[in-house]
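Chemist: Per our numbering, the sequence shown starts with residue 177, numbered consecutively.
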Amino acid sequence: MRTMRKFAAAGAMSVALLAASPAMAVCAATISASPATLNYDPIKAVAATTTTFTVTISKGANSDDAFRLIFTDSATGTLRIGAAGPQYSITNANNQTVSFQSGTTAAGQPGITAIALGTGNVTTSATFTVSLPVNTTTDFVGGNSFTENLGYSLQCLKNNVVQTSATGSLTSLNSTITNVLSVVTASPQTLDFGNFTSATQTLQVGLKSTNSINVAVSTLNSSTMVLAGATPPYNTSNSIPYSMTFNGSTLSSSGTNNVARATVAGSTYPFVMSLTGGVPSGKLAGVYADVITLTFTPGI
C-alpha cells in the first residue's frame, strides 16, 4: 500500500518600524516610513530574511558634513526582538553591522563608516537592512508576538572631527510568529503487510510546525484494501477493511483531524494502519492494496 502526504504553509511574520522624531542639538535624525515588513519562516533553513528602512539626517548650512549612526538594543546579550523573539541584525550600505547591545555608543565603534551630509542646508537619507537569520535552535510558537524598543547613538562630524553626539530612543521592532509547517517525510511511502502475518503496520512521519497540525485523509477505496483486478461492489472475499490512527488519534475521513504541535526542531509521529478484523482469512489469493493521501495544513 502506498501513502502520500501533502502539506501547506501559510502566514508571515511582520516587523514594523514605527517612526519617532528625536531632537538633537546639531544633527536632527528622523526615521522615515519606508516599507519594513518581513515574511519570516522560522522553520525554513535556506537563507536569512531581510528588509530595509530609511533614516533621514538633516543639518543647517554651517554645521556638520557627515554622521556616524548605530542602533542599540535594550539587551546586554544576544540581540533579539523582545526577550525571546527572533534574533536580528542591522547592517548599513557597506554591509557593516550597526546593531549593538545596550550601552554601546558610536564613539566606541570608530570603524563604522561615516555618511556624508554634503554642504549647505541638506537632508540625507541612509538605507539600513534588518536581517532575521535562519533559525536553527529556537522553538517559536505560532501567534506569539514580540516588541523591541530600538535606540540609537549618533555622532555628527565636520572635517572628520566629532562635533556633537546624541543618544535616544528611535523606533520599535515588532514581530509575530506565524503558523507554518514542514513535512520531512514527504515522498510516497509503502506499508507492506506481506503475507498478512500481522494486522498492523506503522509508518513514522517527520513533521516540523509552529502550531498544531490539521490532518485531512482520503483513500482510493474508502479505507478498504481490495484485490487487484476486482471490480465494485467488493465483497468479503476480495476486500480487507482497515482503520487509521495518527500520533495515537483515530483519523476520520470526514472533517478535520487536529494533532499537537510538532515543534520547530521537529517531531516524529506514527501513522498506524490496522486491519479491522485482525489477520484476514478466507480471502481470495492475490495482491490487496489501497492508496491513502494525508494532507497536512497549519492549525491555529
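No residue lacks a Cβ here, since even glycine has one placed at the ideal position from N, Cα and C.
Can you give the Cα-Cα distance for N311 and S398, rounded to whole angstroms?
Modeler: As a first step, residue 311 is located in the sequence shown; it is residue number 135 there, counting from the start. As a first step, residue 398 is located in the sequence shown; it is residue number 222 there, counting from the start. Going from the Cα of N311 to the Cα of S398 covers about 41 Å.
Chemist: Closest to V381 by CA distance: which of L357, N335 and P446 is it?
Modeler: Counted from its first residue, the sequence shown places residue 381 at position 205. Out of L357, N335 and P446, P446 has the C-alpha closest to the C-alpha of V381.
Chemist: Could you check if L460 is buried or exposed, using at least 16 other CB atoms within 10 Å of its CB as the buried criterion?
Modeler: Along the sequence shown, read from residue 1 onward, the residue named residue 460 stands at position 284. Counting Cβ neighbours within 10 Å, L460 comes out exposed, since fewer than 16 surround it.
Chemist: Exposed or buried, Q331, counting other C-beta atoms within 10 Å across all chains shown (16 or more means buried)?
Modeler: Here residue 331 refers to the residue found at position 155 of the sequence shown. By the 10 Å Cβ count, Q331 comes out buried.
Chemist: Taking the alpha-carbon positions, what's the S234 to V298 distance?
Modeler: Numbered from its first residue, the sequence shown carries residue 234 at position 58. Numbered from its first residue, the sequence shown carries residue 298 at position 122. Going by the C-alpha atoms only, they are around 6 Å apart.
Chemist: Suppose contacts are defined by Cβ-Cβ distances below 8 Å. Is F304 in contact with I246 by that definition?
Modeler: Counting from one through the sequence shown, the residue named residue 304 turns up at place 128. Counting from one through the sequence shown, the residue named residue 246 turns up at place 70. Going by C-beta atoms, F304 is not nearer than 8 Å to I246.
Chemist: So who's on the other strand from N390, going by DSSP bridges?
Modeler: The residue labelled residue 390 in the question sits at position 214 within the sequence shown. DSSP lists N434 and T473 as partners of N390.
Chemist: Less than 7 Å between C-beta atoms, sequence neighbours within five positions excluded: which residues of the same chain meet that for S443?
Modeler: What you label residue 443 is simply residue 267 of the sequence shown in a count that begins at 1. Same-chain partners within the cutoff: L383.
Chemist: Can at least three beta-carbon pairs, one atom from the segment 409 to 419 and one from the segment 347 to 360, be found at a separation below 8 Å?
Modeler: No, the segment 409 to 419 does not touch the segment 347 to 360.
Chemist: Please report the distance separating the alpha-carbon of S394 from that of S374.
Modeler: The residue given as residue 394 occupies position 218 in the sequence shown. The residue given as residue 374 occupies position 198 in the sequence shown. Using only the alpha carbons, I get a separation of about 23 Å.
Chemist: Confirm, please, whether the CB-CB distance from P309 to A406 is below 8 Å.
Modeler: Mapped onto the sequence shown, residue 406 falls at position 230. Mapped onto the sequence shown, residue 309 falls at position 133. In this structure, P309 does not lie closer than 8 Å to A406 by Cβ.
Chemist: Between which two residues does the beta strand (DSSP E) carrying K334 extend?
Modeler: As a working mapping, residue 334 is identified with position 158 in the sequence shown. Counting along the chain, the beta strand (DSSP E) containing K334 begins and ends at S321 to K334.
Chemist: Could you check how far apart the C-beta atoms of V359 and P218 are, in whole angstroms? I think they sit under 8 Å.
Modeler: Along the sequence shown, read from residue 1 onward, the residue named residue 359 stands at position 183. Along the sequence shown, read from residue 1 onward, the residue named residue 218 stands at position 42. Actually they are not in contact, since the Cβ atoms of V359 and P218 sit about 16 Å apart, beyond 8 Å.
Chemist: Starting from the C-beta of A282, find all residues in its chain whose C-beta is less than 8 Å away, skip the five residues before and the five after it, and write them out in chain order.
Modeler: Taking the sequence shown and counting its residues from 1, one reaches residue 282 at position 106. Same-chain partners within the cutoff: R244, L245, I246, I288, S329, L330, Q331 and S341.
Chemist: In angstroms with no decimal places, state the Cα-to-Cα distance between T400 and T432.
Modeler: Working through the sequence shown from its first residue, we reach residue 400 at position 224. Working through the sequence shown from its first residue, we reach residue 432 at position 256. Straight-line Cα distance between these residues: approximately 20 Å.
Chemist: Sorted by chain position, which residues of the same chain lie with C-beta nearer than 8 Å to T343's C-beta, five sequence neighbours on each side aside?
Modeler: As a working note, residue 343 is residue 167 in the sequence shown. Correct list, in chain order: T248, T281, G327, Y328, S329 and L330.
Chemist: Taking Cβ to Cβ, would you say Y418 is nearer than 8 Å to M449?
Modeler: Residue numbering aside, residue 418 sits at position 242 when the sequence shown is read from its first letter. Residue numbering aside, residue 449 sits at position 273 when the sequence shown is read from its first letter. Cβ distance < 8 Å, so Y418 and M449 count as in contact.
Chemist: Please report the distance separating the alpha-carbon of I389 from that of N215.
Modeler: Position 213 of the sequence shown, counting from 1, holds the residue named residue 389. Position 39 of the sequence shown, counting from 1, holds the residue named residue 215. Approximately 21 Å between the Cα atoms of the pair.
Chemist: Give a yes or no on whether the C-beta atoms belonging to Y264 and V222 are separated by under 8 Å.
Modeler: Working through the sequence shown from its first residue, we reach residue 264 at position 88. Working through the sequence shown from its first residue, we reach residue 222 at position 46. Against a cut-off of 8 Å, the Cβ pair of V222 and Y264 comes out as no contact.
Chemist: With a Cβ-Cβ cutoff of 8 Å, do T252 and Q277 count as a contact?
Modeler: One-based indexing of the sequence shown puts residue 252 at position 76. One-based indexing of the sequence shown puts residue 277 at position 101. Taking 8 Å as the Cβ cut-off, T252 and Q277 qualify as a contacting pair.
Chemist: Mapping DSSP to helix, strand and coil, what is G284?
Modeler: As a first step, residue 284 must be located in the sequence shown, where it is residue number 108. Helix at G284.
Chemist: Would you tell me roughly how many angstroms separate the C-alpha atoms of A260 and T323, rounded to the nearest one?
Modeler: The count along the sequence shown starts at 1 and reaches residue 260 at position 84. The count along the sequence shown starts at 1 and reaches residue 323 at position 147. Distance between the alpha carbons of A260 and T323: 10 Å.
Chemist: Whose C-alpha, out of I476, L396 and V402, is nearest the C-alpha of L470?
Modeler: On the sequence shown, position 294 is the one that residue 470 refers to. Considering only alpha carbons, the answer is L396.
Chemist: Just the C-alpha distance for M420 and L349, rounded to the nearest angstrom, thanks.
Modeler: Translated into positions along the sequence shown, residue 420 becomes position 244. Translated into positions along the sequence shown, residue 349 becomes position 173. Taking the straight line joining both Cα atoms gives about 45 Å.
Chemist: Give the DSSP bridge partners of G462, in chain order.
Modeler: On the sequence shown, residue 462 is found 286 positions in, with the first residue counted as 1. G462 is not bridged to any residue.
Chemist: Name the two residues that bound the continuous beta strand (DSSP E) containing P446.
Modeler: To locate residue 446, count along the sequence shown from 1; it is residue 270. From DSSP, the beta strand (DSSP E) with P446 extends over S443 to L451.
Chemist: Figure out for me which residue from R256, A269 and L293 has the closest Cα to the Cα of A242.
Modeler: As a first step, residue 242 must be located in the sequence shown, where it is residue number 66. For A242, the nearest C-alpha among the options comes from L293.
Chemist: Taking the beta strand (DSSP E) that V360 belongs to, which residues open and close that run?
Modeler: Sequence index remark: in the sequence shown, residue 360 carries index 184 (1-based). Where V360 is concerned, there is no enclosing beta strand (DSSP E), given that its DSSP letter is neither H nor E.
Chemist: If we count the other Cβ atoms within 10 Å of its Cβ and call it buried at 16 or more, is N423 buried or exposed?
Modeler: Position 247 of the sequence shown holds residue 423. Buried.
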